[in-house]
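K.L.:
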Amino acid sequence: MTIKEVRNLVKGGETHTVEFKRKATHPEKIVREMVAFANSDGGYVFIGVDDDGSIPGLKHPEDHVYVLEAAIDQLTQPKVEYKWEIVPLTDDLSVVSFFIPSSSKSPHFVLEKQDKYPRFVNGRRAKVPPPGKRAYVRADDKSVQASREMKEIIRRKKQGKNIKFNYGDKEKMLFDYLEKNGTITLDGFAELAKVSRYSASRTLILLVLANVLKIVPTEKGDLYQSVVSSQ
Numbered sequence: 101m102t103i104k105e106v107r108n109l110v111k112g113g114e115t116h117t118v119e120f121k122r123k124a125t126h127p128e129k130i131v132r133e134m135v136a137f138a139n140s141d142g143g144y145v146f147i148g149v150d151d152d153g154s155i156p157g158l159k160h161p162e163d164h165v166y167v168l169e170a171a172i173d174q175l176t177q178p179k180v181e182y183k184w185e186i187v188p189l190t191d192d193l194s195v196v197s198f199f200i201p202s203s204s205k206s207p208h209f210v211l212e213k214q215d216k217y218p219r220f221v222n223g224r225r226a227k228v229p230p231p232g233k234r235a236y237v238r239a240d241d242k243s244v245q246a247s248r249e250m251k252e253i254i255r256r257k258k259q260g261k262n263i264k265f266n267y268g269d270k271e272k273m274l275f276d277y278l279e280k281n282g283t284i285t286l287d288g289f290a291e292l293a294k295v296s297r298y299s300a301s302r303t304l305i306l307l308v309l310a311n312v313l314k315i316v317p318t319e320k321g322d323l324y325q326s327v328v329s330s331q
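Residue numbering for the sequence shown is 101 to 331, as defined by my numbering.
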């Protein structure tokens with residue numbers, strides 16, 4: 101990759117497939133972006149690029165690569181695949197490019213750092229709980245935590261099985277609603293169909309897997325829309 105290619109990718113700002121950071125000061129946050137790319141359509145993370153898209157570069161790019169590789173090894177499960185490259189900006193400055201492909205092993209998770217727990221209490225070794233983990237997906241130019249529905253959809257899509265569903269009263273109500281309103285939330289569908297949240301979740305997951313609904317993650321929660329209306 102050349103610096104011209106980097107400029108072309110960042111000039112439009114952060115997108116569904118492009119993220120940039122000035123430095124790798126908070127590697128655990130950058131790992132979230134990488135996991136989100138792996139769980140979505142893949143993308144680039146550039147280190148050495150400011151929020152406004154300007155490119156000041158890095159004096160010691162290898163240090164940032166080292167920090168991020170360690171974070172990926174320690175904090176992603178399954179480990180996210182990636183390729184990194186140091187792109188020269190000037191004789192003294194460079195940009196680091198990490199490319200994360202869409203993964204066949206998703207959903208990937210970010211593990212909670214364990215150093216926030218005390219190792220000893222009253223002179224005795226403390227019982228440290230197993231690390232929590234969270235999955236992330238890309239929502240426009242943001243990385244958001246994946247819902248339970250999204251994680252199941254990602255997991256089951258990888259199985260490649262044909263999905264069938266029954267078109268009953270609640271499905272008819274759903275598609276009539278979507279024809280008029282465009283999108284619906286999980287809670288909105290549960291209220292519309294007068295069913296439990298669990299039952300609404302099962303129905304929406306099945307319809308997404310059957311490729312008649314599309315799930316759209318947002319910062320405020322998932323939206324569902326018909327595949328026909330989204331085309």
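No residue lacks a Cβ here, since even glycine has one placed at the ideal position from N, Cα and C. It should be emphasised that the depicted structure is a prediction, and the values quoted were computed from it without experimental measurement.
Measuring straight from C-alpha to C-alpha, what distance separates glutamate 291 and aspartate 276?
P.N.:
Numbered from its first residue, the sequence shown carries residue 291 at position 191. Numbered from its first residue, the sequence shown carries residue 276 at position 176. Separation of glutamate 291 and aspartate 276 (C-alpha to C-alpha, rounded to the nearest whole angstrom) is 15 Å.
K.L.:
What number of angstroms, rounded off, separates the C-alpha of valine 131 from the C-alpha of histidine 164?
P.N.:
In the sequence shown, the residue the question calls residue 131 occupies position 31. In the sequence shown, the residue the question calls residue 164 occupies position 64. About 13 Å.
K.L.:
What residues are listed by DSSP as bridge partners for serine 243?
P.N.:
Along the sequence shown, one-based indexing puts residue 243 at 143. Checking the DSSP bridge columns, you'll see serine 243 partnered with Arg238.
K.L.:
Applying the 10 Å Cβ sphere with the 16-neighbour rule, what's the burial state of serine 206?
P.N.:
For this step, residue 206 is matched to residue 106 along the sequence shown. By the 10 Å Cβ count, serine 206 comes out buried.
K.L.:
Between the region 245 to 263 and the region 319 to 330, do three or more beta carbon pairs fall short of 8 Å?
P.N.:
yes
K.L.:
Would you kindly work out how many angstroms separate the C-alpha atoms of leucine 278 and tyrosine 166, rounded to a whole number?
P.N.:
Here residue 278 refers to the residue found at position 178 of the sequence shown. Here residue 166 refers to the residue found at position 66 of the sequence shown. Going from the Cα of leucine 278 to the Cα of tyrosine 166 covers about 48 Å.
K.L.:
At 4 residues or longer, and completely inside the region 245 to 309: list those alpha helix (DSSP H) runs for me, N to C.
P.N.:
248 to 257, 269 to 281, 286 to 293, 297 to 309
K.L.:
In whole angstroms, what separates the C-alpha of tyrosine 236 from that of methionine 273?
P.N.:
For the purposes of this step, residue 236 is identified with residue 136 of the sequence shown, where counting begins at 1. For the purposes of this step, residue 273 is identified with residue 173 of the sequence shown, where counting begins at 1. Approximately 31 Å between the Cα atoms of the pair.
K.L.:
Quick one: which unbroken alpha helix (DSSP H) runs of 4-plus residues sit fully inside the region 131 to 218? Chain order, please.
P.N.:
161 to 175
K.L.:
Could you check what DSSP says for threonine 312 in three-state terms: helix, strand or coil?
P.N.:
Locating residue 312 in the sequence shown gives position 212, where the first residue counts as 1. Position check: residue 312 holds valine in this sequence, whereas threonine was assumed. Looking at valine 312 - three-state DSSP - the assignment turns out to be coil, as it is neither helix nor strand.
K.L.:
Might you give, ordered along the chain, the residues of its own chain that have their beta carbon closer than 7 Å to the beta carbon of valine 118, omitting 5 neighbours on each side?
P.N.:
Residue 118 sits at position 18 when you count from the first residue of the sequence shown. Result list for valine 118: Leu109, Val110, Gly143, Tyr144, in chain order.
K.L.:
Determine whether the beta carbon atoms of glycine 157 and valine 195 lie at a separation below 8 Å.
P.N.:
Looking up residue 157 in the sequence shown gives position 57. Looking up residue 195 in the sequence shown gives position 95. Yes.
K.L.:
Hey, valine 135 and valine 187: beta-carbon distance below 8 Å or not?
P.N.:
Numbered from its first residue, the sequence shown carries residue 135 at position 35. Numbered from its first residue, the sequence shown carries residue 187 at position 87. Cβ atoms of valine 135 and valine 187: not closer than 8 Å.
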